[in-house]
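Engineer:
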Amino acid sequence: MEAPQPTRDDTCSPQAASHQEGTLTRRPLQRQNAQYLLTDEEQALADAMMRSSSPLPEGILGKRGREDGEADDGGGDTEPEDGSPAASPQSGTGAGNSNLAMACQRYAVKKKLRPEQCGEVDAFLLDSDLGRMAKLYTVVLAVSNQIAAQQSALPPWTLSDDLKTNINKYALAVMLSVKIAAYKGQVPANNVLAILKRLRFDLPVGIEHDYANWEKVTTFVSDALTQIRSKMKKQIRDSVQPANNTNIYRLTQALASCLPNARPTVQLCARVALMRSVYVASGGGEKYWNAIDNRLKFIRETAGGSPSRVAKAFKQILQNDRARYGADEDYEIRDVVANEWQQQVDTIVEGSEDAGDAVV
Numbered sequence: 003m004e005a006p007q008p009t010r011d012d013t014c015s016p017q018a019a020s021h022q023e024g025t026l027t028r029r030p031l032q033r034q035n036a037q038y039l040l041t042d043e044e045q046a047l048a049d050a051m052m053r054s055s056s057p058l059p060e061g062i063l064g065k066r067g068r069e070d071g072e073a074d075d076g077g078g079d080t081e082p083e084d085g086s087p088a089a090s091p092q093s094g095t096g097a098g099n100s101n102l103a104m105a106c107q108r109y110a111v112k113k114k115l116r117p118e119q120c121g122e123v124d125a126f127l128l129d130s131d132l133g134r135m136a137k138l139y140t141v142v143l144a145v146s147n148q149i150a151a152q153q154s155a156l157p158p159w160t161l162s163d164d165l166k167t168n169i170n171k172y173a174l175a176v177m178l179s180v181k182i183a184a185y186k187g188q189v190p191a192n193n194v195l196a197i198l199k200r201l202r203f204d205l206p207v208g209i210e211h212d213y214a215n216w217e218k219v220t221t222f223v224s225d226a227l228t229q230i231r232s233k234m235k236k237q238i239r240d241s242v243q244p245a246n247n248t249n250i251y252r253l254t255q256a257l258a259s260c261l262p263n264a265r266p267t268v269q270l271c272a273r274v275a276l277m278r279s280v281y282v283a284s285g286g287g288e289k290y291w292n293a294i295d296n297r298l299k300f301i302r303e304t305a306g307g308s309p310s311r312v313a314k315a316f317k318q319i320l321q322n323d324r325a326r327y328g329a330d331e332d333y334e335i336r337d338v339v340a341n342e343w344q345q346q347v348d349t350i351v352e353g354s355e356d357a358g359d360a361v362v
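Using this note's numbering, you'd call the opening residue of the sequence shown number 3 and step up by one each time.
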């Protein structure tokens with residue numbers, strides 16, 4: 003009777019200890035008494051894998067992958083094939099530079115550069131990045147000096163004849179606008195300047211920030227308004243003479259005769275009737291236009307901001323004028339709107355009024 007074979011205690015074997023320490027998955031290579039065994043080679047690998055990690059030589063695992071942001075040293079994991087572009091990078095770069103130089107030369111000829119300028123282009127291409135930046139900055143300074151020299155050599159700026167004509171036309175349109183809040187002082191001047199800033203005409207860019215030259219514009223606007231007020235006052239004075247007895251429609255036509263396609267609207271005739279009534283009441287003295295502004299202010303304050311009350315006041319003024327001047331004449335003031343040009347002026351005037359001034 004054979005002696006019983008001793009039972010192998012797997013819990014004490016080195017293989018089992020290695021298995022308990024790690025979480026490796028192994029395949030069953032041999033079976034002995036229903037126990038899984040490792041070969042000597044597998045056991046050696048398992049023991050090696052369970053030891054503390056240490057960096058391996060680069061030659062064992064292959065070349066390390068390049069991290070993001072690391073500079074490319076131009077190498078690779080494999081050698082480039084013969085005849086590939088990577089095999090001769092210097093030759094490719096030289097060909098690219100040559101093509102760029104040729105393209106720049108063709109473009110320089112197209113732009114009709116002088117021979118010495120073409121040479122400067124070639125030298126610029128061969129220069130370093132820092133050298134090119136320095137040259138560009140130098141050119142910018144040189145151009146700035148040339149512009150400054152040209153500006154200093156220019157004669158002082160003056161208003162052109164076309165600009166003067168436009169100012170005179172728009173100043174009259176402002177004085178005949180039914181949206182104007184005052185006929186004297188800074189209000190009409192600001193209205194004209196607002197038109198100039200919006201429409202520009204031939205004003206230099208940014209001239210409103212050049213105080214010396216902008217003062218030339220404001221002075222001309224002020225003088226133009228003074229002349230217009232003087233002319234309008236004379237026409238109103240002549241209209242009240244017994245020999246003339248001009249009706250309000252013809253007087254309004256005469257005042258607006260210099261404007262393009264002027265239409266004597268009911269609102270404009272009422273404004274002119276106000277001017278005439280104040281002239282008769284004040285005698286047309288030096289404070290004539292101030293008296294008109296005071297009458298406008300009285301209407302605004304009495305109306306309390308009510309447009310209907312303002313309209314009733316001007317309606318009464320117009321009726322009184324028609325009853326006094328040209329009463330025996332048969333004429334009709336049509337309820338028409340101002341032409342598009344005058345409407346544009348009225349819109350700008352209404353928008354540029356001072357916040358504290360109501361517009362009537």
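For each residue, glycine too, the CB sits at the ideal point set by N, CA and C.
Going by C-alpha to C-alpha distance, which of A329, V123 and D131 sits closest to P244?
Structural biologist: A329
Engineer: If I measure Cβ to Cβ from W291 and keep anything under 7 Å in the same chain, skipping five residues before and after, which residues do I get?
Structural biologist: These residues qualify, in order along the chain: Y185, K186 and R231.
Engineer: If I follow the unbroken alpha helix (DSSP H) through R297, where does it start and stop?
Structural biologist: Y290 to A305
Engineer: Please classify F126 as buried or exposed, where buried requires at least 16 other C-beta atoms within 10 Å of its C-beta.
Structural biologist: An exposed status is given to F126, since fewer than 16 other beta-carbon atoms sit within 10 Å of its beta-carbon.
Engineer: Taking 6 Å as the limit between beta carbons, can you name the residues of its chain near F203, skipping five residues before and five after?
Structural biologist: L165 and N168
Engineer: Could you give the C-beta distance for A1 and I319, rounded to a whole number, given that I count them as a contact under 8 Å?
Structural biologist: Outside the displayed span of the chain (3 to 362) sits residue 1, for which this structure offers no information.
Engineer: By the 10 Å Cβ neighbour count, where 16 or more other Cβ atoms means buried, how is N170 classified, buried or exposed?
Structural biologist: So N170 ends up on the buried side.
Engineer: Which whole-angstrom value describes the C-beta separation of P190 and I182, a residue pair presumed to lie in contact below a C-beta threshold of 8 Å?
Structural biologist: 6 Å
Engineer: Report yes if the C-beta distance between A272 and F316 is below 8 Å; otherwise report no.
Structural biologist: yes
Engineer: So, G286 versus K235, is the Cβ gap smaller than 8 Å?
Structural biologist: yes
Engineer: Rounded to whole angstroms, what is the Cα-Cα separation between I149 and P206?
Structural biologist: 16 Å
Engineer: Return the CA-CA distance between A313 and L227, expressed in angstroms with no decimal places.
Structural biologist: 27 Å
Engineer: Using beta-carbon positions only, say whether P333 and Y281 come within less than 8 Å of one another.
Structural biologist: One detail in the question is off: residue 333 reads as Tyr in this sequence, not Pro. Cβ atoms of Y333 and Y281: not closer than 8 Å.
Engineer: Got a sec? Which residues, its chain only, sit under 6 Å from A264 by beta carbon, not counting five neighbours each side?
Structural biologist: A258
Engineer: Compute the Euclidean distance between the alpha carbons of D129 and N99, then round it to the nearest angstrom.
Structural biologist: 12 Å
Engineer: To the nearest angstrom, how far is the alpha carbon of F222 from that of E122?
Structural biologist: 51 Å
Engineer: Within the same chain, show all residues whose beta-carbon is closer than 8 Å to that of E331, passing over the 5 residues directly before and after it, in chain order.
Structural biologist: N249
Engineer: Taking its Cβ as the centre, do 16 or more other Cβ atoms sit within 10 Å of G71, making it buried, or is it exposed?
Structural biologist: Residue confidence is low: G71 scores 49 on pLDDT, short of 50, so the model does not pin down where it sits. Its coordinate-derived value is still stated next. Looking at its Cβ environment, which holds fewer than 16 other Cβ atoms inside 10 Å, G71 is exposed.
Engineer: Please state the DSSP three-state secondary structure of K199.
Structural biologist: helix
Engineer: Roughly how far, in whole angstroms, is the beta-carbon of V347 from the beta-carbon of V180, given that I think they are within contact range, below 8 Å?
Structural biologist: Going by Cβ atoms, the distance from V347 to V180 rounds to 10 Å, so no, they are not a contact pair.
Engineer: If I measure Cβ to Cβ from K112 and keep anything under 7 Å in the same chain, skipping five residues before and after, which residues do I get?
Structural biologist: none
Engineer: Which residue's Cα is closest to the Cα of V339: L115, E288, P157 and P266?
Structural biologist: Comparing Cα positions, the closest option is P266.
Engineer: Leaving aside the five residues before and after K218 along the sequence, list all residues of the same chain whose C-beta is less than 8 Å from its C-beta, in chain order.
Structural biologist: Result list for K218: W159, T160 and L161, in chain order.
Engineer: Rounded to the nearest angstrom, what separates M277 and I238 at their Cα positions?
Structural biologist: For M277 and I238, the distance between alpha carbons rounds to 8 Å.
Engineer: When DSSP labels each residue in this structure, what does P190 get in the three-state scheme?
Structural biologist: Reduced to three states, the DSSP call for P190 is helix.
Engineer: Where do the ends of the alpha helix (DSSP H) carrying D124 lie?
Structural biologist: P117 to L128
Engineer: Let me check you understand the geometry: is the CB of T254 closer than 7 Å to at least one non-hydrogen atom of the ligand ZN?
Structural biologist: No copy of the ligand ZN appears in this structure; indeed no ligand is present at all.
Engineer: Where does D363 fall in DSSP's three states?
Structural biologist: What is shown of the chain runs 3 to 362, which leaves residue 363 out entirely.
Engineer: Go to E217, then tell me how far its alpha helix (DSSP H) extends in each direction, as first and last residue.
Structural biologist: Y213 to S241
Engineer: Identify, in the order they occur along the chain, each residue of the same chain with its Cβ nearer than 8 Å to the Cβ of L270, setting aside the five sequence neighbours on each side.
Structural biologist: L178, V180, T254, A258 and A340
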